[in-house]
Each structure stands twice: as C-alpha cells, then as structure tokens.
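Asks: Supplied in structure tokens, the structure appears directly below.
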Amino acid sequence: MSAEDLEQYETEMELQLYREYRDIVGHFAFVVETERRFYLCNSVDVQVRNSEGDMYFEVRMSDAWVWDMYRPARFVKNVRVVTFKDVNVEELEKPDLRLPEDGGF
918 MSAEDLEQYE
928 TEMELQLYRE
938 YRDIVGHFAF
948 VVETERRFYL
958 CNSVDVQVRN
968 SEGDMYFEVR
978 MSDAWVWDMY
988 RPARFVKNVR
998 VVTFKDVNVE
1008 ELEKPDLRLP
1018 EDGGF
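Shown next, in the form of structure tokens:
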C-alpha cells in the first residue's frame, strides 16, 4: 500500500467515523477527552488520585462510545482510564428536537 493509498484510507475512515458520531451524539449525556481518546458516555466519574506524590486521574465511564477509527467495536458498557494528563468532561446540550405536542408540523 502506497503512502497516498494509506492517506486516502485514513481520510475515508475519519469521515466514516465523523458520520457515525453525528448520528449517535444525541444518545449521550457527556463528552470526555483524555490524552489518548475521545469518548461519548451517559455517566462519568473522575477521581483525582495521589500515589507516592504522583497525581493522576481515574476516569470511569459507562455506556460509552470510543472515538478510534482503528477500533472495530466502539460501543462499550464500561471504560476505565488512568492518566497523568488533564481530563476534560463536558455535559452535552440536547438540541430541542421535540415534535410539537399538538402533532402539527
């Protein structure tokens, strides 16, 4: 496989992953970014730990989707991440996509 073929493959995979993300993001409550990955999940718990003077973060998520184009199974029931880097957790805003109560469009 040439470098050009590999680059095209990665571009196609990233586009496919973005489309999947776009289709499922509304099913999750949180976005979590760690040094290595990006997650969507419905529950998240971040604990600051200290071991022998070293501070690290333990992140536990459930009902998660993992942003990784090389991972065939992106949906996981539980995830535990340990990292010495910052962790960013944001609550997703749910867009107002409700149908009118009277059924009219």
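If you count the sequence shown from 1, you need to add 917 to reach the working numbering. Backbone N, C-alpha and C define an ideal beta-carbon position, used for all residues, glycine too. The model shown is predicted, which means the values in this text are computed figures rather than measured ones.
(1) When you compare the CB positions of residue 978 and residue 963, do they come within less than 7 Å of one another, or not?
(2) Rounded to a whole number of angstroms, what is the C-alpha to C-alpha distance between residue 957 and residue 928?
(3) Name the DSSP bridge partner or partners of residue 964?
(4) Going by DSSP in three states, residue 956 sits in which element: helix, strand or coil?
(5) Count the other CB atoms within 10 Å of the CB of residue 992; is the residue buried (16 or more) or exposed (fewer)?
(6) Tell me, please, which residues DSSP counts as bridged to residue 1000.
(7) Exposed or buried, residue 945, counting other C-beta atoms within 10 Å across all chains shown (16 or more means buried)?
(8) Given that a residue counts as buried once 16 or more other Cβ atoms are within 10 Å of its Cβ, and exposed if not, what is residue 976?
(9) Under DSSP, the alpha helix (DSSP H) around residue 1010 begins and ends at which residues?
(10) Relative to the C-alpha of residue 930, which residue among 969, 967 and 989 is closest?
Replies: On the basis of the supplied data:
(1) no
(2) 22 Å
(3) 975
(4) strand
(5) exposed
(6) 974
(7) buried
(8) buried
(9) That residue, residue 1010, is in no alpha helix (DSSP H); it is neither H nor E in DSSP.
(10) 989
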